[in-house]
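Peer 1: Got a structure for you, written out below as structure tokens; questions coming shortly.
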Amino acid sequence: MPGLNRNLVEHRLPMILGKKPVKQNPRRFAQQVIEKIKEEIERLLKAKFIRTSRYTDWVSNIVPVIKKNGKMRVCINFRDLNAATPKDAYPMPIAETMIDAVAGNEILSLLDGYSGYNQIYIAKNDVSKTAFRCPGSLGTYEWVVMSFGLKNVGATYQRAMNLIFHDLIEKFMQVYIDDIVIGSKRKVEHIQHLKLSFERMRKHGLKINLLKCAFGVSAGDFLGFVVHQKGIEIDKNKTRAIMETKPPSNKKELQSLLGKINFLRRFISNLSGKTKVFSPLLRLKEEEEF
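Heads up, the sequence shown is in this note's numbering, so the first residue is 8 and it goes up one at a time.
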């Protein structure tokens with residue numbers, strides 16, 4: 008499947024001066040987990056997302072994550088590599104500004120990038136840094152394309168989207184990483200906007216996941232909010248997550264709850280005044296309970 012032209016964008020992994028390569032210690036896995044890892048590795052090889060790795064200075068471990076459908080996602084513990092990589096300061100769009108821009112349109116199309124990060128190649132000189140160890144006799148592999156968990160992948164993807172859609176963004180399109188919304192005032196206008204967008208995608212080889220797209224709708228979920236012609240609404244799942252949260256018993260749990268509430272701050276007047284009562288608790292040490 009890969010990917011976008013290297014002349015347009017590549018993901019680079021520069022090193023902070025003085026940082027040395029790290030080879031993480033091997034992990035053990037149950038045999039049934041190894042079988043699922045093998046299936047996923049075969050899929051990634053077939054998709055040409057990864058390749059066999061040899062003589063690498065960096066080796067990270069697999070963190071297997073079982074999805075709801077029973078299949079496994081191969082995540083990688085890039086903690087050491089990320090610690091040695093400087094932060095990409097590329098500016099990200101302001102979510103609230105984008106949501107306001109989308110609201111008020113009569114007709115919307117919401118698009119989702121297909122295997123988003125995997126559409127961008129890693130710079131050839133940096134591929135070996137992404138090497139990861141599989142259990143048993145499965146071997147060691149490295150990522151040819153961007154992988155979840157790598158530092159700065161969001162910034163790299165946003166940079167690519169801005170380069171591809173630079174003259175369409177803010178006219179009728181909003182793009183936040185791999186979430187694209189096309190908004191129009193009229194149906195005829197919307198068809199033209201879709202045509203221009205698809206022509207640009209075809210030109211650069213950008214692929215979308217049709218199963219996660221919605222075309223010509225009057226309302227849709229964008230960045231956690233429901234947007235439509237009349238304005239913006241709270242996603243009921245967000246409020247449910249708050250209502251079903253157990254009362255916090257320590258600082259970490261309180262911070263998590265306040266983070267969920269802060270996401271909805273535009274709908275809560277004087278939120279800072281309402282939550283300042285928790286300030287003394289936020290000054291406690293991490294290990295202290297309420």
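For glycine and all other residues, C-beta sits at the position ideal for the given N, C-alpha and C.
This structure is a prediction, so every number in the text was calculated from the model and none was measured.
What is the DSSP secondary structure of D87, reduced to helix, strand or coil?
Peer 2: For the purposes of this step, residue 87 is taken as the residue at position 80 of the sequence shown. Helix at D87.
Peer 1: Alpha carbon to alpha carbon, how far is V182 from R86?
Peer 2: Working through the sequence shown from its first residue, we reach residue 182 at position 175. Working through the sequence shown from its first residue, we reach residue 86 at position 79. So the two alpha carbons sit approximately 28 Å from each other.
Peer 1: Residue ranges of each beta strand (DSSP E) run of no fewer than 3 residues wholly in the stretch 75–132, ordered along the chain?
Peer 2: Complete beta strand (DSSP E) runs here, min 3: 79–83 and 114–119.
Peer 1: Span of the alpha helix (DSSP H) holding V195?
Peer 2: Residue 195 sits at position 188 when you count from the first residue of the sequence shown. Looking at the DSSP string, the run of the alpha helix (DSSP H) that includes V195 is K194 to H211.
Peer 1: If I215 and D119 are in contact, beta carbons under 8 Å, what's the gap, nearest whole angstrom?
Peer 2: Reading the sequence shown from its first residue, position 208 is the one you call residue 215. Reading the sequence shown from its first residue, position 112 is the one you call residue 119. About 6 Å; that satisfies the 8 Å criterion.
Peer 1: Pull up the DSSP beta-bridge partners for H235, would you.
Peer 2: Stepping through the sequence shown from its first residue, residue 235 is reached at position 228. Per DSSP, A226 and G238.
Peer 1: In chain order, which continuous runs of the beta strand (DSSP E) of length 3 or greater are located wholly inside the stretch 24–72?
Peer 2: With a minimum length of 3 residues, the continuous beta strand (DSSP E) runs that stay inside the stretch 24–72 are 57–59.
Peer 1: Are there 16 or more other CB atoms within 10 angstroms of the CB of D174, so buried, or fewer, so exposed?
Peer 2: On the sequence shown, residue 174 is found 167 positions in, with the first residue counted as 1. Exposed: under 16 other Cβ atoms inside 10 Å.
Peer 1: Could you check what DSSP says for N257 in three-state terms: helix, strand or coil?
Peer 2: Here residue 257 refers to the residue found at position 250 when the sequence shown is read from its first residue. Reduced to three states, the DSSP call for N257 is strand.
Peer 1: Measure the C-alpha to C-alpha separation of G161 and G212 and round it to an integer number of angstroms.
Peer 2: In the sequence shown, counting from the first residue as 1, residue 161 sits at position 154. In the sequence shown, counting from the first residue as 1, residue 212 sits at position 205. If you take the alpha carbons of G161 and G212, they lie about 19 Å apart.
Peer 1: Exposed or buried, which one is G10 when buried takes at least 16 other CB atoms within 10 Å?
Peer 2: Mapped onto the sequence shown, residue 10 falls at position 3. Classification for G10: buried.
Peer 1: With 16 other CB atoms within 10 Å as the buried threshold, where does H92 fall?
Peer 2: Taking the first residue of the sequence shown as position 1, residue 92 is located at position 85. Per the sequence presented here, residue 92 reads as Thr, with His not at that position. Looking at its Cβ environment, which holds 16 or more other Cβ atoms inside 10 Å, T92 is buried.
Peer 1: Assign E206 to one of two classes, buried (16 or more other C-beta atoms within 10 Å of its C-beta) or exposed (fewer than that).
Peer 2: Position 199 of the sequence shown, counted from the start, is the residue given in the question as residue 206. The residue is exposed, with fewer than 16 neighbouring Cβ atoms inside 10 Å.
Peer 1: Once DSSP output is grouped into helix, strand and coil, what is the label at A138?
Peer 2: Along the sequence shown, read from residue 1 onward, the residue named residue 138 stands at position 131. Coil.
Peer 1: Return the first residue and the last residue of the beta strand (DSSP E) that G190 is part of.
Peer 2: If you number the sequence shown from 1, residue 190 lands on position 183. Note, G190: beta strand (DSSP E), D186 to S191.
Peer 1: Taking I249 as the reference, give the member of V234, T59, R272 and L170 with the closest Cα.
Peer 2: If you number the sequence shown from 1, residue 249 lands on position 242. Considering only alpha carbons, the answer is R272.
Peer 1: Under 8 Å by Cβ, that's how I've got S204 and N112 pegged, so tell me the actual separation to the nearest angstrom.
Peer 2: Taking the sequence shown and counting its residues from 1, the one referred to as residue 204 is at position 197. Taking the sequence shown and counting its residues from 1, the one referred to as residue 112 is at position 105. Incorrect: roughly 14 Å between the Cβ atoms, too far for contact.
Peer 1: Along the alpha helix (DSSP H) that carries M250, what are the first and last residues, could you check?
Peer 2: Along the sequence shown, one-based indexing puts residue 250 at 243. M250 -> alpha helix (DSSP H) spans K243 to M250.
Peer 1: For the pair the stretch 272–288 and the stretch 144–163, tell me if three or more CB-CB distances fall below 8 Å.
Peer 2: These segments do not touch.
Peer 1: What residues match up with I215 in a beta bridge as DSSP calls it?
Peer 2: Locating residue 215 in the sequence shown gives position 208, where the first residue counts as 1. Paired residue(s): G120.
Peer 1: Smallest Cα separation from K136: which of T163, G123, K45 and Y62?
Peer 2: What you label residue 136 is simply residue 129 of the sequence shown in a count that begins at 1. The candidate whose alpha carbon is nearest that of K136 is Y62.
Peer 1: Just tell me which of P98, M153 and V72 has its CA closest to the CA of R13.
Peer 2: Counted from its first residue, the sequence shown places residue 13 at position 6. When only C-alpha atoms are compared, the closest one is M153.
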